[in-house]
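Student: So that we are looking at the same thing, I have put the structure below in C-alpha cells.
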Amino acid sequence: MSLTDRHKSLLGAAGRVIVGAILVYAGAAKAAGPTEEFALIISYYQLLPRDMVMTVASFLPWLEVLVGWALLLGVSRRAAATAAGALFGGFLVALLSVLARGIELPNCGCFGDSVHFTIPQALLFDSVMLALSWAALLHGGAFSLDKWVDGGYTPRGR
Amino acid sequence: MKNASERRAAAWALVVAAAAASVLLAGRTRKPFSPDAPAFRVKGPADAKVVIVEFSDFECPACKYAEPVLRKLLELHEGKVRFVFKNYPLERVHRWARPAAIAAECAGRQGRFWELHDKLYDEQEKWARETDAFKTWEGYAKDLKLDLPAWKTCLQDPAADAAVSRDAQDGLDAWVSSTPTFFINGRRFVGAQQLGERGAPFVERELKR
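These protein sequence lines are chains A and B, in that order.
So for the first sequence, the numbering used here puts the first residue at 2; every next one is plus one.
So for the second sequence, the numbering used here puts the first residue at 2; every next one is plus one.
Next comes the structure, spelled out in C-alpha cells:
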C-alpha cells in the first residue's frame, strides 16, 4: 500500500512539529542551565579541542532552540529540516565514535540534566529524529508560515 | 506587509522571540546559595581575596580525581585563598555518599574533618565497593584516634544528617548537577579539567586584582 499525498503531507508536518518540539525542549533545557555543566558532558566525548568546548557548549543549545522554533512554525522549513538532520546526524556520529572508542558516558547530554539516556537509547532516539527530519524536509510544508511568507495573506472572496 | 522579504524577516523575528522566551521559561530561578559551612570544613583566612566553594561527594570518582588538582592549587596559594567544603551526595548512584558525608561531619565535630576527608578520598576505591563501609571507616576513625563512642553516637544524630541536607539544598539552589562543582569567587567550574585549566588561571587573576 502506497502513501497518498495527503498521508505524506500529514506525516511530514507531524515530523516537523515533533522534531521542532524536541529540539526546543532539549536546547532550552541546556541553554537555561550552566554552560559549564554542558561543557563537561561535551568534553566526555573527547572529540573537540579543549579550548573549543566552552564555545560549543554556549552556542549549540541556542542553535537547537532556533532550529526547533523554525521547524515548529514552518519558517525556512527546508533549511531548518536540513539543519535538524545535520544536528541529529552529528549526534549519531559522536555517539558511534564514543561506542567505538569504548568511552563510558555518564549521560549523553541530550537534554542537559533533565533526561538521561543510555548510549543505545540515544542512538535509537537520534535515528528516529533523523528520519523525521527527512520526512519534514520532503513533505513538511503543510501548516507552515512559509506559505504565508511566499504567498501573503489573501482574504476570502478577493 | 507588502513583499516576501518583509514577511520572511517578520517570521524570523517571531522565531527569535519564541526562542528567547522558551529559554527564559526553562530557566529555574537560581537562588543565591549560602557559601557558609561549619568552621571545621573551612580553610584559609576569612578576609581572603579568593573564596573557593566545592560541592563534592566522597564516593564520586571524579571528585577523587580532582583532589590532587585542588590540593596543589590550595598549597600554591596557601594563606591567600579560603576554601569551603560542602557536601553534595549523589545518592541515586552512590549508596555510601551520604553516610560518608555524615562520618566526616562527625569527625569534624572532633576537629578531625580534613584527616577523614583525605582518607575517604584516598581509599575511596576500597570502601565504595564494600557491603559494609562502616567497618572500614571505623578503622580510619581508630587510626585518627577519634573518640569512637562519641563518633558512633554522632553517626545517628539527626543534626549531622541535617547539616548534609542543608549543603545539598545549597547545591540545588546553585543548580549543581555534577560533582565536583567549584565556585571560585562565585564563578562556576565543573570537574578537575575545568578547575585545572580554567580555574587555576582565574585564581591567579583574582589574586592580582
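C-beta: ideal position from N, C-alpha, C; glycine also.
Quick one: is A:Pro50 buried, meaning 16 or more other Cβ sit within 10 Å of its Cβ, or exposed?
Tutor: exposed
Student: Is the CB of B:Arg8 under 8 Å away from at least one CB in chain A?
Tutor: Output row for B:Arg8: interface = yes.
Student: Using a Cβ-Cβ cutoff of 7 Å, what residues of the segment 15-38 of chain A are near chain B? List them in chain order.
Tutor: Val25, Ala29, Ala30, Ala32, Ala33, Gly34, Pro35, Glu37, Glu38
Student: Residues of the segment 122-149 of chain A with a CB closer than 7 Å to any CB of chain B: list them in chain order, please.
Tutor: Leu146, Trp149
Student: Establish whether the CB of B:Trp176 and some CB of chain A are separated by less than 8 Å.
Tutor: yes
Student: What does a CB cutoff of less than 6 Å around B:Trp152 pick up in its chain, not counting 5 residues either side in sequence?
Tutor: Cys107, Ala142
Student: With C-beta atoms as the reference, is A:Asp147 less than 8 Å away from A:Arg78?
Tutor: yes
Student: Closer than 7 Å by beta-carbon distance: list the chain B residues that pair up with A:Arg51, in chain order.
Tutor: Going along chain B in sequence order, the residues near A:Arg51 (Cβ under 7 Å) are Glu198.
Student: Under the assumption that A:Ala84 contacts A:Val68 (Cβ atoms under 8 Å), give the Cβ distance between them as a whole number of angstroms.
Tutor: 5 Å
Student: Find the residues of chain B that neighbour A:Asp151, judging by a C-beta separation of less than 7 Å, and give them in chain order.
Tutor: Chain B residues near A:Asp151: Ala5.
Student: Among the candidates B:Cys61, B:Phe114, B:Ala47, whose CA atom is the shortest distance from the CA of B:Ala161?
Tutor: B:Phe114
Student: Which residues, in chain order, does the segment 183-210 of chain B contribute to contact with chain A at a C-beta distance below 7 Å?
Tutor: Arg189, Phe190, Val191, Gly192, Gln194, Gln195, Glu198
Student: So, helix, strand or coil for B:Lys32, using DSSP?
Tutor: Looking at B:Lys32 - three-state DSSP - the assignment turns out to be coil, as it is neither helix nor strand.
Student: Run the CB neighbour count on B:Ile185, radius 10 Å, all protein chains shown included, and call it buried at 16 or more, exposed below.
Tutor: buried
Student: For B:Lys44, I'd like the list of residues in its chain whose CB is within less than 6 Å of its CB, leaving aside the five on either flank, ordered along the chain.
Tutor: Once the five neighbours on either side are set aside, the close Cβ partners of B:Lys44 are Phe84.
Student: Which residues in the same chain have their Cβ closer than 8 Å to the Cβ of A:Leu48, if we skip the five residues on either side of it in sequence?
Tutor: Ala95, Ser98
Student: Consult DSSP for B:Asp189 and reduce its assignment to one of helix, strand or coil.
Tutor: The sequence given here places Arg at residue 189 of chain B; Asp does not occur at that position. In the displayed model, B:Arg189 falls within a strand according to three-state DSSP.
Student: Taking 8 Å as the cut-off, decide whether the C-beta atoms of A:Ala137 and A:Gly13 are in contact.
Tutor: yes
Student: Confirm, please, whether the CB-CB distance from B:Trp97 to B:Glu60 is below 8 Å.
Tutor: yes
Student: Roughly how many whole angstroms lie between the Cα atoms of B:Leu91 and B:Glu7?
Tutor: 52 Å
Student: Quick check on this structure: which residue in A:Phe126, A:Gly91, A:Ile104, A:Ala81 has the alpha carbon closest to the alpha carbon of A:Val18?
Tutor: A:Ala81
Student: Please go through the same chain and pick out, in chain order, the residues whose beta-carbon is closer than 6 Å to the beta-carbon of B:Glu68, but skip the five residues on each side of it.
Tutor: Only Tyr122 meet the Cβ criterion.
Student: For B:Ser35 and A:Leu72, what's the separation of their Cα atoms in angstroms?
Tutor: 42 Å
Student: Any C-beta of chain B sitting closer than 8 Å to the C-beta of A:Ser10?
Tutor: no
Student: Kindly list, in the order they appear in chain A, the residues whose Cβ is closer than 7 Å to that of B:Ser179.
Tutor: Glu38, Leu41
Student: Could you tell me whether the Cβ atoms of B:Leu74 and B:Val204 are closer together than 8 Å?
Tutor: Against a cut-off of 8 Å, the Cβ pair of B:Val204 and B:Leu74 comes out as a contact.
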